[in-house]
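Note that the sequence shown covers residues 1 to 109 in my numbering. Working notes, beginning with the structure itself.
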Amino acid sequence: MNNSATRDLLSRLPMTVKFEDFHATEKISYLPGKLDLSGTGTAGNAQIWDLMYYVPWGNLAVFYRPYSPSRDLVRLGRIVSNQPALTRASSFTATIERATARQLLMPQP
């Protein structure tokens, strides 16, 4: 996604954060500071495995089940590896890093 929030997040990577389950629909993680939202519009509709930013709380969200549209979500990117691991644990620590071109082209299990 080409927006200021995504660029801000990418400038902070790699980043290790703790995720916890929220409503058996998504995993959320609170960032140490809010992302730059200048000129960033909201996405509204999260798809499964989208990495989103929830503006009111300033948290990351990864949806692993369908979710109702929200005007408070900004799409940052997409989870391209280890998706099954996200649904197993109720909370976990993970390192977020930018995917390489090779990772993006590899078939996912």
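Every residue, glycine too, gets a C-beta built ideally from N, C-alpha and C.
How many Å lie between residue i and residue j at the Cα?
i, j, result
"Ser38", "Ala5", "8 Å"
"Glu26", "Met15", "19 Å"
"Phe19", "Tyr30", "8 Å"
"Gly44", "Leu73", "6 Å"
"Arg75", "Lys34", "15 Å"
"Thr95", "Val17", "6 Å"
"Ile48", "Pro66", "6 Å"
"Pro84", "Ala61", "16 Å"
"Asp36", "Trp57", "14 Å"
"Phe92", "Leu13", "18 Å"
"Val55", "Arg71", "9 Å"
Can you name, in chain order, every residue of its own chain whose Cβ lies under 6 Å from the Cβ of residue i, other than the five neighbours on each side?
i, result
"Ser90", "Asp21"
"Ala99", "Val80"
For the alpha helix (DSSP H) that residue i lies in, which residues bound it at each end?
i, result
"Thr87", "83–88"
"Ala5", "4–12"
Going by alpha carbons, who is nearest to residue i out of the options?
i, options, result
"Arg7", "Arg88, Asn82, Ala85, Thr40", "Thr40"
"Met1", "Trp57, Gly58, Arg78, Phe92", "Arg78"
"Thr42", "His23, Thr87, Leu86, Asn3", "Asn3"
Under 8 Å Cβ to Cβ from residue i, same chain only, skipping five residues before and after it: list those, please.
i, result
"Phe63", "Thr25, Glu26, Ala46, Gln47, Ile48, Trp49, Asp50, Met52"
"Asn59", "Ile28, Ser29, Tyr30, Leu31, Tyr53"
Which stretch, first to last residue, makes up the beta strand (DSSP E) that contains residue i?
i, result
"Leu94", "The amino acid occupying residue 94 in the given sequence is Ala; Leu does not appear at that position. First-last of the beta strand (DSSP E) with Ala94: 91–96."
"Thr16", "15–22"
"Val55", "Run containing Val55: none; DSSP gives neither H nor E here."
"Asn59", "59–63"
Taking 7 Å as the limit between beta carbons, can you name the residues of its chain near residue i, skipping five residues before and five after?
i, result
"Pro69", "Gly44, Asn45"
"Glu97", "Leu13, Pro14"
"Thr87", "Tyr64"
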